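Our numbering applies: residue 5 is where the sequence shown begins, and numbers increase by one.
For each residue, glycine too, the CB sits at the ideal point set by N, CA and C.
Here the structure is a predicted model, which is why all the values come from computation and not from measurement.
Structure first, commentary second.
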Amino acid sequence: MVLNRGLFITFEGIDGSGKTRQLELLTADLKKADLKFLLLREPGGTSISEQIRRILLDRKNTEMSAETELLLFAAARAQLVKQIVEPALAEKTIVISDRFYDSTTAYQGYGREMNVDFIQYLNDFATQGLQPDLTFYFDISVKTALDRLKDRTEKSDRIDLESQIFMEKTRAGYLRIAEQNPDRVRVIDAERTPEEVYKDLKLQFEQVISLEFV
Ligand code: TYD
5 MVLNRGLFIT FEGIDGSGKT RQLELLTADL KKADLKFLLL REPGGTSISE
55 QIRRILLDRK NTEMSAETEL LLFAAARAQL VKQIVEPALA EKTIVISDRF
105 YDSTTAYQGY GREMNVDFIQ YLNDFATQGL QPDLTFYFDI SVKTALDRLK
155 DRTEKSDRID LESQIFMEKT RAGYLRIAEQ NPDRVRVIDA ERTPEEVYKD
205 LKLQFEQVIS LEFV
């Protein structure tokens, strides 16, 4: 099956929302269906962006200012868009990214209470106006997220260690983004089992690419 244009899909949610598991399920089905796709994660995806990722997530970098953090996320994304996303879309690939600019609006804008209008301007500058065709936002309560994250504390990075209040503000930010972008952002109830969530995701995905793929 060949699409006549590329498709850019992003996955969003607070830490512990289960989006990574959903990405695994979706990409397994895309492989089975022999669809041409590219899976990316943010921050990261290019050599430069992965180097920036290490600085951003290093637990030792406790002195990082909110402004530095914001600009590093934007820098990692600018490189990813120019080097990987734009060329892949031009080749009619389905590009799926684990996080994109809504993460910056939700975490740095609403979570850290930085200027959301400025962040949206910066997002647009970093991506040269590129917007996802579709965004799946996996919504869960902070309580469920924290329960799920409990098992992972050893592995948590600098941003995972943020407080519960930060997570509440970030989630509220995502809900606001979804409300403001009803055509682009699909809210998926992620409180359910991974199988139930995936059934929902797959159905919506198939509608978008107008294809039943497995
Ligand atoms: P990662 O290990 O990729 O977490 P996850 O599996 O939850 O995506 O770490 C990314 C962390 O960085 C995560 O806590 C969200 C945060 N983040 C921001 O704060 N702003 C951003 O723009 C992005 C892309 C991520």
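- Here the distance from the Cβ of Arg103 to the nearest heavy atom of the ligand TYD is below 7 Å.
- For Thr24, the closest alpha carbon among the candidates Ser214, Leu39, Phe140, Glu166 is that of Phe140.
- The beta carbon of Asp155 sits no closer than 7 Å to any heavy atom of the ligand TYD.
- In this chain, the alpha helix (DSSP H) harbouring Ile56 covers 51-61.
- Note that the C-beta distance between Phe77 and Thr14 is not below 8 Å.
- Glu67 sits in coil when the DSSP states are folded into three classes, being neither helix nor strand.
- Cβ contact annotation for Ala82 (same chain, cutoff 6 Å, sequence separation greater than five): Ala130, in chain order.
- Straight through space, the alpha carbons of Ser145 and Lys154 are spaced by roughly 14 Å.
- Between the beta-carbon of Asp128 and that of Arg45 there is about 21 Å, and that puts the pair past the 8 Å contact cut.
- Relative to the ligand TYD, Asp193 has its C-beta separated by 7 Å or more from all heavy atoms.
- It is roughly 36 Å from the alpha-carbon of Lys206 to the alpha-carbon of Arg63.
- Here Pro136 really is in contact with Arg188; their C-beta atoms are around 6 Å apart, less than 8 Å.
- Per DSSP, the unbroken beta strand (DSSP E) holding Tyr141 starts and ends at 138-143.
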